[in-house]
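Colleague:
Chains as they are written, first to last, in my numbering: chain A, 1 to 354; chain B, 355 to 618.
#1: The segment 234-264 of chain A: which residues have C-beta closer than 8 Å to a C-beta of chain B, in chain order?
#2: Give the straight-line distance between the Cα atoms of residue 572 of chain B and residue 543 of chain B, rounded to the nearest whole angstrom.
#3: Where residue 113 of chain A and residue 125 of chain A are concerned, what is the direct C-alpha to C-alpha distance, given to the nearest angstrom?
#4: For residue 411 of chain B and chain A, any beta-carbon pair shorter than 8 Å?
#5: Please report the straight-line C-alpha distance between residue 233 of chain A and residue 193 of chain A, rounded to a whole angstrom.
#6: Measuring straight from C-alpha to C-alpha, what distance separates residue 341 of chain A and residue 225 of chain A?
#7: Shorter than 8 Å from the beta carbon of residue 530 of chain B to some beta carbon of chain A?
#8: Is residue 526 of chain B near residue 473 of chain B, with beta carbons less than 8 Å apart?
#9: Indicate whether at least one CB of chain A lies closer than 8 Å to the CB of residue 536 of chain B.
#10: Have a look at the DSSP bridge pairing and note the partners of residue 300 of chain A.
#11: Between which two residues does the beta strand (DSSP E) holding residue 564 of chain B run?
#12: Quick check on this structure: which residue in B:443, B:536 and B:505 has the alpha carbon closest to the alpha carbon of residue 395 of chain B?
#13: Does residue 294 of chain A come out as helix, strand or coil in the three-state DSSP assignment?
#14: Do the CB positions of residue 97 of chain A and residue 461 of chain B come within less than 8 Å of each other?
#15: Would you please state the rounded distance, in angstroms, between the beta carbons of residue 137 of chain A and residue 304 of chain A? I believe it to be under 8 Å.
#16: Are any of the Cβ atoms in chain A nearer than 8 Å to that of residue 543 of chain B?
#17: Straight-line CA distance for residue 382 of chain B to residue 257 of chain A?
#18: Please list, in chain order, all residues of the same chain as residue 386 of chain B whose beta carbon is under 8 Å from its beta carbon, the five residues on each side excluded.
#19: Looking at residue 251 of chain A: is its Cβ nearer than 8 Å to the Cβ of residue 153 of chain A?
#20: Tell me whether residue 387 of chain B sits in a helix, a strand or coil according to DSSP, three-state version.
#21: From the DSSP output, read off the bridge partner residues of residue 539 of chain B.
#22: Quick check on this structure: which residue in B:392, B:569, B:479 and B:605 has the alpha carbon closest to the alpha carbon of residue 413 of chain B?
#23: If we ignore side chains and look at the alpha-carbon of each, how far apart do residue 218 of chain A and residue 207 of chain A end up?
#24: For residue 471 of chain B, would you say it is in contact with chain C, using Cβ-to-Cβ distances shorter than 8 Å as the test?
#25: Using only the alpha-carbon positions, how far apart do residue 423 of chain B and residue 377 of chain B sit?
#26: Note down, in chain order, each residue of its chain lying with its Cβ closer than 6 Å to the Cβ of residue 230 of chain A, except the 5 sequence neighbours on either side.
#27: To the nearest whole angstrom, what separates the beta carbons of residue 282 of chain A and residue 308 of chain A, a pair I think is in contact under 8 Å?
#28: With H, G and I counted as helix, E and B as strand and the rest as coil, what does DSSP make of residue 124 of chain A?
#29: Compute the distance between the beta-carbons of residue 521 of chain B and residue 541 of chain B, then report whether it is under 8 Å.
#30: Output, in chain order, the set of chain A residues within a Cβ distance shorter than 9 Å of residue 476 of chain B.
#31: For chain A, check one thing: does any of its Cβ atoms lie closer than 8 Å to the Cβ of residue 420 of chain B?
#32: Going residue by residue through the segment 419-474 of chain B, where are the continuous alpha helix (DSSP H) segments of at least 4 residues, counting only ones entirely within it?
#33: Tell me whether residue 77 of chain A sits in a helix, a strand or coil according to DSSP, three-state version.
#34: Thinking just about the alpha-carbon of each residue, which of A:343, A:318 and A:331 is nearest to the one in residue 101 of chain A?
#35: Leaving out the 5 sequence neighbours to the left and right, which residues in its chain are closer than 7 Å to residue 115 of chain A when beta-carbon positions are compared?
#36: Please identify the residue among A:302, A:285 and A:161 whose C-alpha is closest to the C-alpha of residue 295 of chain A.
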């Protein structure tokens, strides 16, 4: 037996214990757990030996023995998430560990020179790549957060029922577009438009990548944000309305504070997608290692570098290992973003719901 | 068909409803309700579940309209103005007709901000000094007898108060708006007996200053707390009279049967 006894509906318990008419009636007299139960027992008793009761006992027995494995299965599902995160981190770190001793960490983080193929002196400075990732991500979030939260508010609070259903379907469709298709759109459609509108010499740059990433993040922000807003109890809206607030006042004075955790989760998932996105930015940002000075400069991101170069390295050499160290850096960035957000929402102590 | 209620002092009419019918989709929830609620009194709406008393209450500040498929006909005059006229501002209407709900619903912000929520919506930003706001919060909380209890916690989240405190807060947040009418939809149904008693005491202190209309399932409460009672059944107003009249000398057989507890 497990430490905790599996829970069985207490009102049914007496029913499966009784086995004959006499017991049923004694039971009935002793029980004071409500007329309904009594009535049922009386019926059971009257219908002969009470095969109902036996059936009940059989199913309960099944439930009892299946509860323990189910409990463990569910527990396993929960813990597996943590296990996989650590496992991935471990393997990425293991591949990169070989070069960590040789790598000049200061140069790695502060030099903009990424020259892994140099025959004379390979240089592994990821500053330009970091700046590339951050510039594209920041631009994407500047576009996607207002757009995403705005449409989440619209879908959840303002749209009529039919508009809402249509919009939700379309937005989910948007989320299902593969990233290589987005990259293609950036490369073939958005690029020429940027060239025409800005006169830039090249259309694949920070602006292009930022817009594409924003479009990719918006569906996630909308659907998670809409869930968060919908989870706010209607009584809050009613209270605000009864005090004379109009819908917009209700949104920013009541719903935003009430749903702030969910909305932040929405934004974070958007940031996560933007930081981690590889194929689309590889195609849309121009893939040039440099620190950008304007929106129209091409850049290269951390993720795109791994994707583009891993296939050309010799497994186990320095270049190969450094790419894995970049993976660790990406991990660290994601962790930092999540932690910051958690601290912002919950405070340092965390978890307290106030 | 409502017999005109016997005189209970005040003769100024706060709410006058004429021929009000209401449909949720195809279902008619109110049938030609005509009534007059006197100013400064506590009027109870009583009747079995589904008789339309809450619906009627929710007509008085038009909060019914939050549900999309509501059709209302007839005329409701509040403080001399038909609130179903096209030029009525819902925001202004709800400023002078406050509402307390069945389940305490303080907003998930601090107690302080809850009390000021209404005022901040109805006054331009930064038109109140900090001292004015503090004074408003204090006097509102004092009026509902909550100040001494929670004055150290007014910057904590309101949803962490006890249910009784929350319900008092829900009343307190109406007061800075200086409403004329307060509608209450079973304000004690989530509270225990002691909480109910204290809310009723509070009700007593609010009367005369405000017109209070209260929906209640609790017959004893209607008898204890109200000056006049309105009995409703199946969307119709059956009888309107002073509390004594309704409880001790009901004019309609259905009222009598309900009062005696033979149904409902």
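Where is the CB? At the ideal position from N, CA and C, for every residue including glycine.
Computed from a predicted structure; not experimentally measured.
Modeller: The relevant details are as follows:
#1: Result list: 235, 236, 237, 238, 239, 240, 241, 242, 243, 244, 245, 246, 249, 253, 254, 257 and 258.
#2: The straight-line gap separating the alpha-carbon atoms of residue 572 of chain B and residue 543 of chain B is approximately 9 Å.
#3: Rounded to the nearest angstrom, the two C-alpha atoms are 5 Å apart.
#4: No - not a single Cβ of chain A is within 8 Å of the one on residue 411 of chain B.
#5: Distance between the alpha carbons of residue 233 of chain A and residue 193 of chain A: 45 Å.
#6: Approximately 15 Å between the Cα atoms of the pair.
#7: No - not a single Cβ of chain A is within 8 Å of the one on residue 530 of chain B.
#8: Contact flag unset, no.
#9: Cβ-Cβ to chain A under 8 Å: no for residue 536 of chain B.
#10: Bridge partners of residue 300 of chain A: none, in fact.
#11: Run containing residue 564 of chain B: none; DSSP gives neither H nor E here.
#12: Distances from the CA of residue 395 of chain B to each of B:443, B:536 and B:505 were compared; the closest alpha carbon is that of B:536.
#13: Note: residue 294 of chain A maps to coil in three-state DSSP.
#14: Contact flag unset, no.
#15: Incorrect: roughly 13 Å between the Cβ atoms, too far for contact.
#16: Taking Cβ atoms only, chain A never reaches closer than 8 Å to residue 543 of chain B, which makes this a no.
#17: Going from the Cα of residue 382 of chain B to the Cα of residue 257 of chain A covers about 38 Å.
#18: 373, 374, 375, 428 and 590, listed in sequence order.
#19: With contacts defined as CB atoms closer than 8 Å, residue 251 of chain A and residue 153 of chain A qualify as a contacting pair.
#20: Three-state result, residue 387 of chain B: strand.
#21: In the DSSP output, where bridge partners are listed per residue, residue 539 of chain B has B:569.
#22: Of all alpha-carbon atoms in B:392, B:569, B:479 and B:605, the one lying nearest the alpha-carbon of residue 413 of chain B is that of B:569.
#23: The alpha-carbon separation between residue 218 of chain A and residue 207 of chain A amounts to approximately 16 Å.
#24: Here the protein chains are A and B, and chain C is not one of them.
#25: Straight-line Cα distance between these residues: approximately 8 Å.
#26: A distance below 6 Å between beta-carbons, with the five flanking residues on each side excluded, links residue 230 of chain A to the following residues of its chain, in chain order: 156.
#27: Indeed, because the Cβ distance is near 6 Å, the residues count as touching under 8 Å.
#28: DSSP places residue 124 of chain A in strand when its eight states are reduced to three.
#29: Yes.
#30: The answer, in chain order, is 243 and 244.
#31: Residue 420 of chain B belongs to the set of residues whose beta carbon lies under 8 Å from a beta carbon in chain A.
#32: Contiguous alpha helix (DSSP H) elements confined to the segment 419-474 of chain B occur at 444-450, taking only those with 4 or more residues.
#33: Looking at residue 77 of chain A - three-state DSSP - the assignment turns out to be helix.
#34: Among A:343, A:318 and A:331, the Cα nearest to that of residue 101 of chain A is on A:318.
#35: Excluding residues within five positions, the ones whose Cβ falls inside 7 Å are 122 and 123.
#36: Nearest C-alpha to residue 295 of chain A: A:285.
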